[in-house]
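In my numbering, the protein residues as written are 29 to 314.
Beta carbons: idealized from backbone N, C-alpha and C, even for Gly.
As the structure is a computational prediction, the values presented were derived from the model and not from experiment.
Here is the structure we will look at, set down as structure tokens.
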């Protein structure tokens, strides 16, 4: 029982990180109407920037604040130079562009930083264990990760539901044609959403770095799971991404405990079942 509760807690942590990536993917997919295959590579870049900021500044907390800002600026630059020309073209062109971009980013990181992994220590203020009723101590940093993700989810929800800009973004996700018909300049909101999605991916990279370490392929490893989260939760569904991310994190973690050989395929089995019986996802619009 002690092992199970620990695995559940670890599953919630990995699920929380999946939620961050899936929310960024879902925002971009809903507003820009294409799948951003470079999302995982940008997440990896956020983790590598964390490594260099730690070396330069010596503190994790500044990296936590600066990386999302740097990644948002990078998102604006990418949207204006590479993504924007894809809007009049079909979705396949945009998909192929971001697919190629992901490999350019990964190989660029290999050239600059090498192929070896980097270890990132948890901040010293959180380098201890706490008792949370699991039968054994639990790393404080992992609890911090869950808390940060919860705050980001709340902040994104408030932005999308309680601000004029957020309401326009939600309208664009649901019916972009209607937003254009109202005379609203769609381009400025597209760049905002892309930058926001990239910033969230960068934040996920910062939070993941002390847990898994940093290596060039880390984005490819988690991107596939993030896509599964989006599909299972429902494309365009905010809370679908949250519920699905936590569910898949728990599924992988618990399966690892009882039948580790099946842990890798468990999320895909779930996706097949959901697509078979509820094609729009668990919380997708009917």
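Test item: CB-CB of residue i and residue j under 8 angstroms
{"i": "residue 218", "j": "residue 60", "result": "yes"}
{"i": "residue 50", "j": "residue 258", "result": "yes"}
{"i": "residue 225", "j": "residue 52", "result": "yes"}
{"i": "residue 262", "j": "residue 311", "result": "yes"}
{"i": "residue 174", "j": "residue 40", "result": "yes"}
{"i": "residue 111", "j": "residue 222", "result": "yes"}
{"i": "residue 177", "j": "residue 48", "result": "yes"}
{"i": "residue 172", "j": "residue 154", "result": "yes"}
{"i": "residue 100", "j": "residue 227", "result": "yes"}
{"i": "residue 285", "j": "residue 32", "result": "yes"}
{"i": "residue 67", "j": "residue 291", "result": "no"}
{"i": "residue 197", "j": "residue 188", "result": "yes"}
Inter-residue CB distance, residue i and residue j (contact presumed, cutoff 8 angstroms)
{"i": "residue 65", "j": "residue 123", "result": "6 angstroms"}
{"i": "residue 233", "j": "residue 75", "result": "4 angstroms"}
{"i": "residue 96", "j": "residue 231", "result": "5 angstroms"}
{"i": "residue 146", "j": "residue 79", "result": "5 angstroms"}
{"i": "residue 341", "j": "residue 256", "result": "Because residue 341 is not part of the residues shown, which for the chain are 29 to 314, the question remains open."}
Classification of residue i by the beta-carbon crowding that lies within 10 angstroms, buried from 16 upward
{"i": "residue 120", "result": "exposed"}
{"i": "residue 182", "result": "exposed"}
{"i": "residue 299", "result": "buried"}
{"i": "residue 54", "result": "buried"}
{"i": "residue 140", "result": "exposed"}
{"i": "residue 288", "result": "exposed"}
{"i": "residue 130", "result": "buried"}
{"i": "residue 206", "result": "exposed"}
{"i": "residue 142", "result": "exposed"}
{"i": "residue 88", "result": "buried"}
{"i": "residue 169", "result": "buried"}
{"i": "residue 156", "result": "exposed"}
{"i": "residue 193", "result": "exposed"}
{"i": "residue 77", "result": "buried"}
{"i": "residue 144", "result": "exposed"}
{"i": "residue 38", "result": "buried"}
{"i": "residue 195", "result": "exposed"}
{"i": "residue 303", "result": "exposed"}
{"i": "residue 301", "result": "exposed"}
{"i": "residue 73", "result": "buried"}
Residue i - DSSP class collapsed to helix/strand/coil
{"i": "residue 117", "result": "coil"}
{"i": "residue 198", "result": "helix"}
{"i": "residue 158", "result": "strand"}
{"i": "residue 166", "result": "strand"}
{"i": "residue 146", "result": "strand"}
From the options, residue whose alpha carbon lies closest to that of residue i
{"i": "residue 93", "options": "81, 102 and 104", "result": "81"}
{"i": "residue 212", "options": "89, 312, 236 and 199", "result": "199"}
{"i": "residue 133", "options": "245, 275 and 239", "result": "245"}
{"i": "residue 151", "options": "47, 139 and 237", "result": "237"}
{"i": "residue 36", "options": "280, 101 and 307", "result": "280"}
{"i": "residue 127", "options": "277, 306 and 251", "result": "251"}
{"i": "residue 266", "options": "42, 38 and 57", "result": "57"}
{"i": "residue 242", "options": "115, 34, 117 and 149", "result": "149"}
{"i": "residue 136", "options": "292, 308, 240 and 70", "result": "70"}
{"i": "residue 254", "options": "197, 147 and 42", "result": "42"}
{"i": "residue 306", "options": "260, 270 and 33", "result": "260"}
{"i": "residue 34", "options": "302, 118, 144 and 282", "result": "282"}
The ligand ZN heavy atom lying under 7 angstroms from the CB of residue i
{"i": "residue 174", "result": "Looking for the ligand ZN in the displayed structure turns up nothing, as the structure carries no ligands at all."}
is_contact[residue i, chain C] using C-beta, thresh 8 angstroms
{"i": "residue 306", "result": "No chain C appears in this structure, which consists of one protein chain only."}
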